[in-house]
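J.:
So this is what it looks like as structure tokens:
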């Protein structure tokens, strides 16, 4: 997971129950977690237990969440712009970086926990890239060796963006014994090129900018 120390840590069930108690819109992709408690009565009891646990950890007072935590959850529910990622680095990782106004949040879901961190709105892309371990660019690839290279994949993922509308394009990469590679569609085939964190961030930033411009033109 991201090396940044999170501001708040919630278990997946705590996240589900608090989200529901705050009456927020549906949990955004890719942070959806299994719902707990089959009936209203059971969920109400579990929610009471969550607030008690949060109070013991300094995250709530009675049934009132820490204002910063509540703000970050609300921001995830209604951002102006967001960058999401799903990947596998020996275990599955899902993350969402979102911003509205002068506030940004990074949420990382892995190992049954949600890590929430306040971040600068301008840092969505580098923060989402940093969720994953750094990777060095691999060597140039012979087009006829792409399948063999993909077969040696050890980890990887994809990043999507939303800026008024969700882009249908995602940025996909993978790590192999030869290094990190960016995967791009080229007509009916794919192109694999060496990449690293900086190049990956530039590609995502360009996608975010173009998505925002398309949305603005379409308004």
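In UniProt numbering, the protein residues as written are 1 to 219. All C-beta atoms, glycine included, are put in the ideal place defined by N, C-alpha and C.
Between the C-alpha atoms of residue 155 and residue 131, what's the straight-line distance to the nearest angstrom?
T.: 13 Å
J.: Are residue 107 and residue 96 closer than 8 Å when you measure CB to CB?
T.: yes
J.: Residue range of the beta strand (DSSP E) that residue 119 falls in?
T.: 113-119
J.: Here's the rule I'm using: 16 or more other beta-carbon atoms within 10 Å means buried, otherwise exposed. How should residue 16 be labelled?
T.: buried
J.: Let me make sure I understand the geometry here. Which of 43, 45, 62, 68 has the alpha-carbon closest to that of residue 223?
T.: Here the chain covers residues 1 to 219 and nothing more, so residue 223 does not appear.
J.: Counting only runs of 3+ residues fully inside the region 62-147, write out the beta strand (DSSP E) ranges in chain order.
T.: 81-88, 92-100, 103-110, 113-119
J.: Helix or strand or just coil, what does DSSP make of residue 160?
T.: Three-state DSSP puts residue 160 in a strand.
J.: Give the straight-line distance between the Cα atoms of residue 120 and residue 157, rounded to the nearest whole angstrom.
T.: Between residue 120 and residue 157, the C-alpha separation is close to 24 Å.
J.: Which whole-angstrom value is the C-beta distance of residue 196 and residue 178, which I expect to be below 8 Å?
T.: Actually they are not in contact, since the Cβ atoms of residue 196 and residue 178 sit about 13 Å apart, beyond 8 Å.
J.: DSSP has residue 181 in a bridge; who is on the other side?
T.: 174, 194
J.: Here's a check: name, in chain order, each residue in its chain whose Cβ is nearer than 7 Å to the Cβ of residue 224, leaving out the five neighbours to either side.
T.: The chain is shown only over 1 to 219; residue 224 falls outside these bounds and no answer can be derived.
J.: How many Å lie between residue 71 and residue 184 at the Cα?
T.: For residue 71 and residue 184, the distance between alpha carbons rounds to 37 Å.
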